[in-house]
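Since the structure comes first, as C-alpha cells, the remarks are kept for the end.
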Amino acid sequence: MIDRTQLDKSPNRRALAIGMWLFLASLSMLFISSMLGYILCYLGVFGKVLPNRMHLPALTWLSTAVLLAASFTMHRAVVAVRRERLALLRSWLYAASALSVVFLMVQTPCMVELFRAHLADLKTIPNYDTGTVHPLTLDGVIFFLIILHAVHVIGGLVAMAVVMFNVFRDKYDHESYMGIQHAALYWHFLDAVWLVMFTVFMVTG
C-alpha cells in the first residue's frame with residue numbers, strides 16, 4: 227500500500243505541481259482566446275455589431291463579491307491545514323463550497339437576463355427570418371463567455387467535493403495537503419479570470 231505522505235514528496239510533488247500548472251496554462255489560453263474573440267467582435271472584425279448598448283446585470287456585482295469571498299475562504303483553508311487545525315479546515319471548506327453554489331445561483335438570473343437581451347436585440351434586425359447574415363449581438367457573446375466560466379466553476383465544485391471526501395477520510399495534515407493547495411489555486415485562477423472578464427465587459431459596455 228502506498229504511503230499517502232509520499233504523494234507530497236519529490237519527485238511526485240514536482241510532477242503533480244507541473245501537471246497543475248500545465249492544466250492552468252491550457253485554461254488560460256482558452257480564456258485569453260475567448261476574450262480576444264470578444265474584443266474582435268466588439269471592434270466589428272467579424273462583421274457588423276448591433277448598435278444596442280450592452281449593460282451587465284446589476285447582480286454581476288454581487289456575484290463578483292461572492293466569488294472573491296470563495297477564493298478567500300479557500301486561502302484560509304490552506305492556512306488552516308498548514309497549522310494542523312483540521313476542524314477549522316472543514317469550516318473554511320464548507321464556507322467555500324456554499325459560496326461557490328451561491329455564485330452559480332446569482333449568475334443564473336444574470337445569464338437569463340443577458341439571453342433575453344440577446345433575443346430582444348435579434349428582434350430589432352429587419353427580416354430576421356430570411357436566412358441572411360445578421361449583425362452580431364454583444365449580449366449573446368457575453369452570455370456564452372459567462373456560461374463558459376460557470377462550467378469551470380462547476381468543475382471547481384467537483385474538485386471541492388473530492389477534497390471534502392479526503393478531508394473526512396483524514397488524508398490531509400500539515401505535511402500532506404497538496405489536494406487542498408491545488409483546489410485553492412484553481413479557485414484563485416477562476417477568480418482572476420472572472421475579474422478580467424468583468425472589467426472588460428464593464429469597459430466595453
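Numbering (this note's numbering), first residue to last: 227 to 431. Even for Gly, the Cβ is constructed at its ideal location relative to N, Cα and C.
Quick one, are the C-beta atoms of residue i and residue j less than 8 Å apart?
i	j	result
F415	L253	yes
S297	D417	yes
P283	L330	no
G382	Y403	no
C336	T290	no
S260	L374	yes
M423	L371	yes
Could you tell me the boundaries of the alpha helix (DSSP H) in which residue i lies?
i	result
A387	364–394
G263	238–268
V422	404–430
D399	Segment: none, D399 is in no alpha helix (DSSP H) and carries neither H nor E.
E339	312–349
H281	Premise fails: H281 is in no alpha helix (DSSP H) and is neither H nor E.
Answer with buried or exposed for residue i, where buried requires no fewer than 16 other C-beta atoms within 10 angstroms of its C-beta.
i	result
L248	exposed
I265	exposed
W420	buried
D229	Because the pLDDT at D229 is just 49, under 50, the model does not fix this residue reliably, and the point stays unresolved.
V429	exposed
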